[in-house]
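In terms of this note's numbering, the sequence shown opens at residue 2 and continues consecutively.
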Amino acid sequence: MIILVLNCGSSSVKFQVCRMPEYQVLVKGSIGKIGYSDAEFKLKIKDHVQILETLPIKDHESGINLILNTLKSRENSLGFALTDLAAVGHRVVQGGEQCNNSIPITPAIIDYIESIKDLAPLHNPHHLSGIYACAKLLPGIPQIAAFDNGFHMTLPRHAYLYALPLELTEKYKIRRYGFHGIAFRSMVAQAEKFLPKGHEGYRIVNMMLGSGTTANAVYYGTSIDVSTGFTPQEGLIQSTRAGDMDAAALLYLMKKENMSLSDADTMINKKSGWLGLSGMGNDMRDIYEASLTGNQRAIDTIATVCHRFRKYIGAYAAEMGGLDLLIFSGGVGENAWYIREAVCVGLEFMGIVLDPHKNRELSGEGLISTASSAVQILVVSANEEKIIAEDTFGILDDSD
Numbered sequence: 002m003i004i005l006v007l008n009c010g011s012s013s014v015k016f017q018v019c020r021m022p023e024y025q026v027l028v029k030g031s032i033g034k035i036g037y038s039d040a041e042f043k044l045k046i047k048d049h050v051q052i053l054e055t056l057p058i059k060d061h062e063s064g065i066n067l068i069l070n071t072l073k074s075r076e077n078s079l080g081f082a083l084t085d086l087a088a089v090g091h092r093v094v095q096g097g098e099q100c101n102n103s104i105p106i107t108p109a110i111i112d113y114i115e116s117i118k119d120l121a122p123l124h125n126p127h128h129l130s131g132i133y134a135c136a137k138l139l140p141g142i143p144q145i146a147a148f149d150n151g152f153h154m155t156l157p158r159h160a161y162l163y164a165l166p167l168e169l170t171e172k173y174k175i176r177r178y179g180f181h182g183i184a185f186r187s188m189v190a191q192a193e194k195f196l197p198k199g200h201e202g203y204r205i206v207n208m209m210l211g212s213g214t215t216a217n218a219v220y221y222g223t224s225i226d227v228s229t230g231f232t233p234q235e236g237l238i239q240s241t242r243a244g245d246m247d248a249a250a251l252l253y254l255m256k257k258e259n260m261s262l263s264d265a266d267t268m269i270n271k272k273s274g275w276l277g278l279s280g281m282g283n284d285m286r287d288i289y290e291a292s293l294t295g296n297q298r299a300i301d302t303i304a305t306v307c308h309r310f311r312k313y314i315g316a317y318a319a320e321m322g323g324l325d326l327l328i329f330s331g332g333v334g335e336n337a338w339y340i341r342e343a344v345c346v347g348l349e350f351m352g353i354v355l356d357p358h359k360n361r362e363l364s365g366e367g368l369i370s371t372a373s374s375a376v377q378i379l380v381v382s383a384n385e386e387k388i389i390a391e392d393t394f395g396i397l398d399d400s401d
């Protein structure tokens, strides 16, 4: 079975074409800077770069159309045709309370995702763009949605409630939903390659550290807490999101700066985080390089970000009555040894003992804790596309 997996972001599309159930990746690639004249299109066939070009792409439909036309033009060399596609699997960040498992996309599901898109304004509208584009460009092909918050619907009531008037939270379905759930499913699956037993035997803190960041507590196989909340804004300091803050500070700024609701939303979601703290951008590599030159804003940014990371690790360890495994993933989690070191050093009292040499020398996945560390520290590469492909295949296979 040939499956197309799409992960549509605000200005990007990541895609894979894979053969299931063996999860053989036939083609993968991405489009970045959608909406600009210098959008970037990359395509790999069996890990060999075939296309790397810059061109104008006005919207997601145009981008997906480019992907499909490119695949069609290369059918002779790919070993499959577009007519072989059995389904399209989509990542959808927010499924609200109703959509917790991966499910077929129907008109009713589309209407529901439309109705809650304000809960993830940087994501759900763009996922919908991908769904609409595939419905138009691949008519009759089943589409499956894998929801990012589904993994966290096991949170106990006391962990997802907000201390607002209960009548209002129930009326408007305001609660902690949590995100990066597909990535966390992948992280614990990847971790099992390095563990003597399944992840259900461990108390785990997952640290998904990319441009979006989320911490997650998994208690013997069940997600019991997560840092992102009603929207992806809450929790850790992210590349452009403020994360946890005093809500009254935002109200104060709105009054002082005469901000509209839209202005405030843009500030906390797109102009804050690493970008707002550093004043130089939202790429952690650039911030780190600046910190080495003594740039105080860069130094403060890294210290503040890592302080928040450490707080969540400690809080989740307390919530679970201990910790057995700490997992890092994401672009920063996998590649920024200096962030992992800043987070872990000083947590030896919790049994977290980092091996500095392993940490700095690691390339790819592996253990970076010492042999004597009571808590194993692991770096893995999350593969959301694999999880989406597996869910899509499973749904189609069950329907046969």
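Glycine included, each C-beta is placed from N, C-alpha and C at the ideal position. Note that the structure is predicted; figures quoted are calculated from it, not measured.
- In this structure, Q239 is the residue among I205, C9 and Q239 with its C-alpha nearest to the C-alpha of T302.
- Nearest to H49 by alpha-carbon distance, out of L324, V28, K172 and E168, is V28.
- If you draw a 10 Å sphere on the C-beta of L53, you find fewer than 16 other C-beta atoms in it, and that means exposed.
- Assignment of alpha helix (DSSP H) within the segment 251 to 304, counting only whole runs of 4 or more residues, yields 262 to 271, 274 to 279 and 285 to 293 in chain order.
- Sequence-distant Cβ neighbours of I389 in its own chain, meaning closer than 7 Å and more than five residues away, are V6, G90, R92, A147 and I183.
- Contact annotation: the segment 192 to 199 does not touch the segment 243 to 263, with fewer than three C-beta pairs closer than 8 Å.
- Counting only the Cα atoms, F16 lies some 35 Å from V376.
- Comparing alpha carbon positions, the residue from D226, T241, V227 and D245 closest to E235 is D245.
- Beta bridge pairing from DSSP links Q17 with V6 and K29.
- In the structure shown, G90 adopts extended strand secondary structure according to DSSP, grouped into three states.
- Around the Cβ of Q95, a 10 Å sphere holds 16 or more other Cβ atoms; the residue is buried.
- The segment 168 to 186 makes no contact with the segment 346 to 356: fewer than 3 CB pairs, one atom from each, lie closer than 8 Å.
- Around the beta-carbon of L252, fewer than 16 other beta-carbon atoms lie within 10 Å, marking it exposed.
- Shortest Cα-Cα distance from K312 to any of R186, A216, S31 and L210 involves A216.
- For N217, the enclosing beta strand (DSSP E) begins and ends at T214 to Y220.
- Membership of T393 in the alpha helix (DSSP H) is indicated by the continuous run E385 to S400.
- The residue among Y203, H159 and I111 with its C-alpha nearest the C-alpha of H127 is I111.
- The Cβ-Cβ distance between I225 and L326 does not fall below 8 Å.
- With the rule of 3 Cβ pairs closer than 8 Å, the segment 122 to 139 does not count as touching the segment 378 to 392.
- By the CB criterion at 8 Å, I396 and I145 fall inside the cutoff.
- By the criterion of a C-beta distance shorter than 8 Å, L120 is surrounded in its chain by Q95, G97, Y178, F231 and T232, once the five residues flanking it on both sides are discounted.
- Collapsing the DSSP output to three states places E54 in a strand.
- If you ignore the 5 residues before and after G322, its C-beta comes within less than 7 Å of no other C-beta in its own chain.
- Listed in chain order, the alpha helix (DSSP H) elements of length 4 or more contained wholly in the segment 319 to 376 are 331 to 336, 338 to 345 and 357 to 362.
- Burial state of K59 is exposed, judged by a 10 Å Cβ sphere holding fewer than 16 other Cβ atoms.
- If you compare the alpha carbons of V306, I300 and I68 with that of G211, the shortest gap goes to V306.
- The three-state reading of DSSP puts D226 in strand, counting E and B together.
- Using a Cβ distance threshold of 8 Å, R298 and S279 count as a contacting pair.
- Rounded to whole angstroms, the Cβ separation of I3 and D85 is 5 Å, and the two are in contact under 8 Å.
- R158 counts as exposed, since fewer than 16 other beta carbons sit within 10 angstroms of its beta carbon.
- Around the CB of R361, fewer than 16 other CB atoms lie within 10 Å, so the residue is classed as exposed.
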